[in-house]
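*Asks:* Just dropping this structure here.
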Amino acid sequence: MEVVILGGSKQIGRLAADAIEDLVRRKPDAVLGLATGSSPLPVYDELALRHGAGLDFSRASAFALDEYVGLPAGHPESYREVIRREFTNRVNIDPGKVHAPDGAAADIPAACAAYEEAIRGAGGIDLQLLGVGTDGHIGFNEPGSSFASRTRIKSLIEQTRRDNARFFKSLAEVPHHVLTQGLGTIMEARHVILLATGAQKAQAVREFVEGPVAAICPASVLQFHPHATVLLDEAAASALRLADFYRHTYDHKPAWQGL
Ligand code: F6R
């Protein structure tokens with residue numbers, strides 16, 4: 469796991485966008501894994517700018533990490549809509565190649581199996597963007613999630629519903645259920661970039677980067693990922709024991725290594 473501590477979310481957005489730009493130039497039909505929430509927004513802003521300057525997404529495809537269950541189609545806070553609004557509508561990715569789990573499906577297990585099949589059919593995810601919950605979740609794999617899990621329905625912990633209430637008119641409107649790529653699904657992405665900013669993430673970051681690998685902290689499974697990059701601002705990095713070592717390592721990294 470590579471930990472990079474940066475000055476703020478603008479720098480984080482630029483570095484993650486560098487990795488995506490590099491991928492899309494190397495592999496124009498790249499498969500991107502997209503997160504919602506606040507953390508990836510600077511990356512999407514940066515990619516929209518770069519698209520304006522010529523970066524081409526016409527052959528790329530994308531898979532959202534997760535989706536709420538029970539929001540009506542087109543609800544502005546459904547993750548399909550958020551991904552469309554914040555990213556895919558702002559670049560030239562084919563809307564037919566942007567996928568999200570179907571949170572309105574009558575047959576949820578079949579919809580989850582179909583999502584896994586669609587990811588496999590696209591050749592797997594090349595680069596997965598992730599945020600981390602204050603409870604250590606990635607996707608909506610809450611504490612206790614199996615490290616082998618695949619896309620499925622999950623219940624949200626109250627802390628996550630409260631954290632996400634800012635996107636809704638009231639806490640009561642935040643759904644209790646979600647569909648999410650499993651930890652096993654996320655672990656198959658070829659490169660994972662997790663972004664975290666702000667002091668409210670410091671404890672979760674410390675636990676998943678430096679704590680034991682344990683289901684109580686789902687993001688800790690990334691310690692087993694062969695290519696996981698963690699981009700943090702100073703506040704999110706403030707509880708790390710080895711922060712100075714991560715800074716030193718990144719500052720002295722050979723340029724050819726990239727992210
Ligand atoms: C979103 C997702 C979640 C968020 C996490 C952090 O698709 O899967 O795991 O990444 O809850 O959310 P923010 O970035 O809003 O703090």
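Residue numbers for the sequence shown follow the numbering used here, so the first one is 469 and each next one is one higher. Just so it is clear, CB atoms sit at the ideal spot from N, CA and C, and this is done for glycine as well. These numbers were taken from a predicted model, which means no experiment stands behind them.
1) Around ligand 1, what residues have a beta-carbon under 5 Å from a heavy atom of it, in chain order?
2) Nearest by alpha-carbon distance to A590: which of R715, A703, I621, D497 is it?
3) Report the residue from E549, V559, R552, Y536 whose alpha carbon sits nearest the alpha carbon of A521.
4) Compute the beta-carbon to beta-carbon distance between A683 and L597, rounded to the nearest angstrom, for a pair I have assumed lies under 8 Å.
5) Just to confirm the assignment: which complete alpha helix (DSSP H) runs, minimum length 4, are found wholly within the region 638 to 710?
6) For A541 versus A572, is the C-beta spacing smaller than 8 Å?
7) Nearer than 7 Å: is that true of the beta carbon of G501 relative to any heavy atom of ligand 2?
8) Among L474, R715, M469, which one has its Cα closest to the Cα of A703?
9) Just the C-alpha distance for H695 and H645, rounded to the nearest angstrom, thanks.
10) To test your reading of the DSSP string, which unbroken alpha helix (DSSP H) runs of 4 or more residues are found completely within the region 510 to 592?
11) Does the region 593 to 609 touch the region 498 to 508, meaning 3 or more C-beta pairs lie closer than 8 Å?
12) Here's a check: name, in chain order, each residue in its chain whose Cβ is nearer than 7 Å to the Cβ of R518, leaving out the five neighbours to either side.
13) Would you decide whether P563 is buried or exposed? Buried here means 16 or more other CB atoms lie within 10 Å of its CB.
*Replies:* The answer reads as follows:
1) A503, T504, G505, S506, S507, L533, D534, G599, G601, G607
2) D497
3) V559
4) Going by Cβ atoms, the distance from A683 to L597 rounds to 23 Å, so no, they are not a contact pair.
5) 651 to 655, 670 to 678
6) yes
7) Among the ligands modelled here, namely ligand 1, ligand 2 does not occur.
8) L474
9) 30 Å
10) 547 to 554, 576 to 589
11) yes
12) A485, E489
13) exposed
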